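Enquirer: Here the sequence shown stands for residues 3 to 359, where the numbers follow this note's numbering. Quick one: the structure is below, questions incoming.
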Amino acid sequence: MYKRKGYVKINMIKKILKIILKFSVSISILLCAFMVLVFYCNLGPFNKLRTLWVTTAMTTFKHQWLATDFISSTEINRILNSNRVVATNDKTSTGESAAKNNLSEKSYNTYDNMVVKASSFSTSDTISVININENNYTGKLMIVDNPKRVELATIDKFSLNIKGDKLLELAQNNYAVAAINASAFIDPNGTGNGGVPMGIVVKNGKVIYNDTSGAFNIVGFDYSGRLITGQFTLEDVAKSNIKDAVSFGPALIINGKPVTIEGDGGSGLQPRTAIGQTVDGKVLLLEIDGRQPLYSVGDSIKDIQDIMVRYGAINASNLDGGSSTAMYYNGEIINKPCGPLGSTGGRYLPTAFLVTK
Numbered sequence: 003m004y005k006r007k008g009y010v011k012i013n014m015i016k017k018i019l020k021i022i023l024k025f026s027v028s029i030s031i032l033l034c035a036f037m038v039l040v041f042y043c044n045l046g047p048f049n050k051l052r053t054l055w056v057t058t059a060m061t062t063f064k065h066q067w068l069a070t071d072f073i074s075s076t077e078i079n080r081i082l083n084s085n086r087v088v089a090t091n092d093k094t095s096t097g098e099s100a101a102k103n104n105l106s107e108k109s110y111n112t113y114d115n116m117v118v119k120a121s122s123f124s125t126s127d128t129i130s131v132i133n134i135n136e137n138n139y140t141g142k143l144m145i146v147d148n149p150k151r152v153e154l155a156t157i158d159k160f161s162l163n164i165k166g167d168k169l170l171e172l173a174q175n176n177y178a179v180a181a182i183n184a185s186a187f188i189d190p191n192g193t194g195n196g197g198v199p200m201g202i203v204v205k206n207g208k209v210i211y212n213d214t215s216g217a218f219n220i221v222g223f224d225y226s227g228r229l230i231t232g233q234f235t236l237e238d239v240a241k242s243n244i245k246d247a248v249s250f251g252p253a254l255i256i257n258g259k260p261v262t263i264e265g266d267g268g269s270g271l272q273p274r275t276a277i278g279q280t281v282d283g284k285v286l287l288l289e290i291d292g293r294q295p296l297y298s299v300g301d302s303i304k305d306i307q308d309i310m311v312r313y314g315a316i317n318a319s320n321l322d323g324g325s326s327t328a329m330y331y332n333g334e335i336i337n338k339p340c341g342p343l344g345s346t347g348g349r350y351l352p353t354a355f356l357v358t359k
């Protein structure tokens, strides 16, 4: 009797294992067939998926092989060249006459005659946080009514031998109520310690770090609380009354006009951080989580531009994203950073935009 029961039990286990094996093989075959279609079929939906695959993989440090091992360099280059942010030499207008020269009459009348009047900016202490939920991504938009509350924080010293600070540390060390990550940093193979920023850093009107020359993308604020973004030289920085700024881009909206973006912008679906400003001075701090398939895949450059337009930004810029994307509010990180350090509040950073108390 006991032998028979044992025999039946063994047979049942074998049947279950056989079913699992068949199911696994079937799934593997279907997955392989699907990936072949994605990589090599030019029909509409597969072409779109291939574009997302390439632009997303090629933006990362460690996972470019997901594109280069399966798709030809010619096809990769074609995809990247047809999905990009079109370069522009425009910059935020900082004076009424300059604004009028750079814009159509309609655009000027709609936006910049109001933007240049910083006296109309709000002095309210209100901060609002809005949940952003779309099909493939989740994030948060923080709206800060008073732009003069937004300042740049930096670590005490820039050095490859020193770790940066996590966003929570930058915020709490500077007694801030809210914060987002700002500039990129030297990050060989995605293993950087956040100790040295890339580009230029302006703090309280002084250039405290610069590793570049010629024109470069910057994003920051002048002394009136106006968000400044676009292509600047060191001479432009000196003339523009800039208080705080870092190098990053691309600019998303300049003087009320969305920057031209072809395709998805060329960097696929990623975690994102961005900053913008409305016509009445409100500062928009945006973070989108990503690289977490069961929660949030991420969004494209075009997506964050659309969000900024939807919420009324007339100047806006992309900031460093990926595993650096983080948002702090009232004593804690309120988003879900990705990567190995995600569960501990994200990566070490050299700079952050803070909202003071």
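All C-beta atoms, glycine included, are put in the ideal place defined by N, C-alpha and C. Everything numeric in this text was worked out from a predicted model, so none of it was measured.
1) Run through DSSP, which three-state label would ILE157 get?
2) Checking 8 Å against the spacing of the C-beta atoms, do SER185 and PHE250 come in under that value?
3) Between the Cα of GLN279 and the Cα atoms of LEU236, PRO352, LEU254, ASN135, which residue gives the shortest distance?
4) Would you kindly report the start and end of the unbroken beta strand (DSSP E) that includes VAL285?
5) So, for TYR139: in the same chain, excluding its five sequence neighbours on each side, which residues have a beta-carbon less than 8 Å away from its beta-carbon?
6) Apart from the five residues just before and just after GLY216, which ones in its own chain have a Cβ nearer than 8 Å to its Cβ?
7) Between the C-alpha atoms of THR193 and PHE187, what's the straight-line distance to the nearest angstrom?
8) With distance defined between alpha-carbon atoms, name the residue in LYS24, THR70, ALA181 nearest to LEU154.
9) Here's the rule I'm using: 16 or more other beta-carbon atoms within 10 Å means buried, otherwise exposed. How should ILE78 be labelled?
10) Going by the beta-carbon positions, is the gap between LEU296 and ILE309 smaller than 8 Å?
11) Taking DSSP as the reference, what is the three-state secondary structure of GLN66?
12) Hey, how far is the Cα of THR1 from the Cα of SER269?
13) Classify VAL88: buried if its beta carbon has 16 or more other beta carbons within 10 angstroms, exposed otherwise.
14) So within the stretch 200–269, which uninterrupted beta strand (DSSP E) runs reach at least 3 residues, ignoring any that extend past its ends?
15) Do you know how far the Cα of SER75 is from the Cα of ARG228?
16) May I ask you to verify whether the stretch 336–349 touches the stretch 157–173, counting CB pairs closer than 8 Å and requiring at least 3?
17) Looking at TYR313: is its Cβ nearer than 8 Å to the Cβ of LEU286?
18) Residue range of the alpha helix (DSSP H) that THR76 falls in?
19) Quick check: what's the CA-CA separation for THR353 versus LEU172?
20) Quick check on the DSSP output: the beta strand (DSSP E) that includes ASN175 runs from which residue to which?
21) Would you identify the three-state DSSP class for ASP305, choosing helix, strand or coil?
22) GLN233 and LYS93: beta carbons closer than 8 Å?
23) Over the uninterrupted beta strand (DSSP E) stretch that includes GLY278, give me the two end residues.
24) With DSSP as the reference, please indicate the residues paired to VAL131 in a beta bridge.
25) To the nearest angstrom, how far is the alpha carbon of ALA328 from that of GLY141?
26) In whole angstroms, what is the alpha-carbon distance linking ILE316 and GLY197?
27) Using a 10 Å radius around the Cβ and a threshold of 16 neighbouring Cβ atoms, would you call TYR225 buried or exposed?
28) Buried or exposed, going by whether 16 or more other CB atoms sit within 10 Å of the CB of PRO190?
29) List the residues that DSSP assigns as beta-bridge partners of SER319.
30) What are the partner residues of ASN183, as DSSP defines its beta bridges?
31) Taking a contact to mean a Cβ-Cβ separation below 8 Å, would you say ASP266 touches SER124 in this structure?
32) How would you label GLY333, buried or exposed, when you count the other beta carbons within 10 angstroms and need 16 or more for buried?
33) Would you kindly check if the distance between the Cβ of GLY323 and the Cβ of ARG274 is under 8 Å?
34) Does the Cβ-Cβ distance between THR53 and ASN85 come in under 8 Å?
35) If you draw a straight line from the alpha carbon of CYS340 to that of LYS24, how long is it in whole angstroms?
36) Run the CB neighbour count on MET144, radius 10 Å, all protein chains shown included, and call it buried at 16 or more, exposed below.
Expert: Per the coordinate set shown:
1) coil
2) yes
3) LEU254
4) Where VAL285 is concerned, the enclosing beta strand (DSSP E) stretches over 285–290.
5) Excluding positions up to five away in sequence, the list reads LEU271, ILE290, ASP291, GLY292, SER298, VAL299, GLY300, ASP301, ASP305.
6) Counting only Cβ-Cβ distances below 8 Å, and skipping sequence neighbours, we find THR235.
7) 11 Å
8) ALA181
9) buried
10) no
11) coil
12) Any property of residue 1 remains undetermined from this structure, which presents the chain solely from 3 to 359.
13) That one is exposed.
14) 202–205, 208–212, 218–224, 229–234, 244–249, 253–256
15) 43 Å
16) yes
17) yes
18) It spans 75–83 - the alpha helix (DSSP H) in which THR76 sits, taken as one unbroken run.
19) 8 Å
20) Here ASN175 belongs to no beta strand (DSSP E); instead the alpha helix (DSSP H) covers 169–175.
21) helix
22) yes
23) Residues 274–280.
24) MET144
25) One C-alpha to the other measures close to 10 Å.
26) Per the coordinates, the alpha-carbon of ILE316 lies some 32 Å from the alpha-carbon of GLY197.
27) exposed
28) exposed
29) In DSSP, SER319 forms a bridge with ALA253, ILE277.
30) ALA354
31) With contacts defined by Cβ atoms closer than 8 Å, ASP266 and SER124 do not form a contacting pair.
32) exposed
33) yes
34) yes
35) Taking the Cα positions, CYS340 is about 34 Å away from LYS24.
36) buried
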